[in-house]
Amino acid sequence: MRNRPDPFGERRDPEGRSWGPVVLAVVTLLVVAAVAWLWWSRNAAPSGEVRTPPSVAETLPPLPAVEPAVRYPLDEAEPPADITAALADLFGRKAVLALLQTHEFPRRFVATVDSLGRAHSPPALWPVVPPGGRFTAQRTGETAVLAPANSARYEPLVRLAESMDVGKAADLYRSIYPQLQSAYEELGYGRRYFNDRVIEVIDQLLAAPEPAGPVQLQQLVIKGPMADPRPWVRWEFVDPQLQSLTAGQKIMVRMGAQNERRLKARLVALRSELVRGRAR
């Protein structure tokens, strides 16, 4: 049996640069995760506070009593000789070095994709290089809304998603799919088919609402037993319907309506390729 490096053997800070196999054929999902980083960085604990990242086991849902039938099977494809070179061909070498993690991480990837369709998506599991800057809210008296300036921070990632050849991305995804399926099963999902979950999460992201006006926020300040000049601040949506969305849908709303529509267009194209199933 081939030895598989364990990307969870050494925990790193979410801003570390060694998260482990790259499966960026579904790069649009990773772009969504990268956008989430900006929200997380605003809500993060103060530097003096140590927070323990959740283990993958803590994020896993209960398994169904009966394994569901496969809905979107994929044909086998020949794996690439060099994944990093294939990614550079797809996105350009500079983009790969600046925005994407290129060290092995199939288990982190499948955990991230799955968690985007749930209530919480732990940033410690994400396989992307987080963009710079912080999430900002715009205050008007007692009211706070998503600041329009946030959209500009997401522009490089949105452009990356728009620049990719969706057909090539889907072919790369198919070629490394056995690694993804194996990682999905190793994380405790039994024999469930990972591509079905990818399609399910894409459909959830496509169903994310596109608010017409400013999105109102409310601030929760969480203080510990010791006084801290920089308490942990968390923003939430005022609208209970928005607050009840999945983690991935909330991220789509936070990036701004224009960016949301641009990413949805890429998700539609990517979904079409992945449900087709067969390598070309």
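Mapping of the sequence shown onto this note's numbering: position 227 corresponds to residue 227, and the numbering continues sequentially without gaps. We put the CB at the ideal spot given by N, CA and C, even for glycine.
- The C-alpha of residue 141 lies about 30 Å from the C-alpha of residue 248.
- Only residues of its own chain outside the window of five on either side were considered, and among them 77, 78, 79, 80 have a CB closer than 7 Å to the CB of residue 175, listed in chain order.
- In terms of Cβ geometry, residue 166 and residue 269 form a close pair [threshold 8 Å].
- In the DSSP assignment, residue 219 is bridged to 235.
- Assignment of residue 70 by DSSP, reduced to helix, strand and coil, places it in the coil class.
- Counting along the chain, the unbroken beta strand (DSSP E) around residue 146 starts and ends at 143 to 146.
- Contact annotation: residue 144 and residue 243 have beta-carbon atoms that are not nearer than 8 Å.
- In the DSSP annotation of this structure, the continuous segment of the beta strand (DSSP E) that includes residue 139 starts and ends at 137 to 140.
- Look at residue 246 here: in three-state DSSP terms it is coil, with no helix or strand label.
- Residue 253 is not a Cβ neighbour of residue 72, given a cutoff of 8 Å.
- Comparing alpha carbon positions, the residue from 93, 90, 111, 164 closest to residue 263 is 164.
- Residue 262 sits in a helix when the DSSP states are folded into three classes.
- Residues 110, 180, 181, 184 of the same chain have their beta carbon placed closer than 7 Å to that of residue 194, with the five preceding and five following residues left out of the count.
- In the structure shown, residue 200 falls within a helical segment according to DSSP collapsed to helix, strand and coil.
- Rounded to whole angstroms, residue 147 and residue 138 show a C-alpha spacing of 5 Å.
- Bounds of the alpha helix (DSSP H) holding residue 171 are 166 to 175.
- Secondary structure note for residue 162: its alpha helix (DSSP H) is the uninterrupted segment 150 to 163.
- For residue 214, the three-state secondary structure derived from DSSP is coil.
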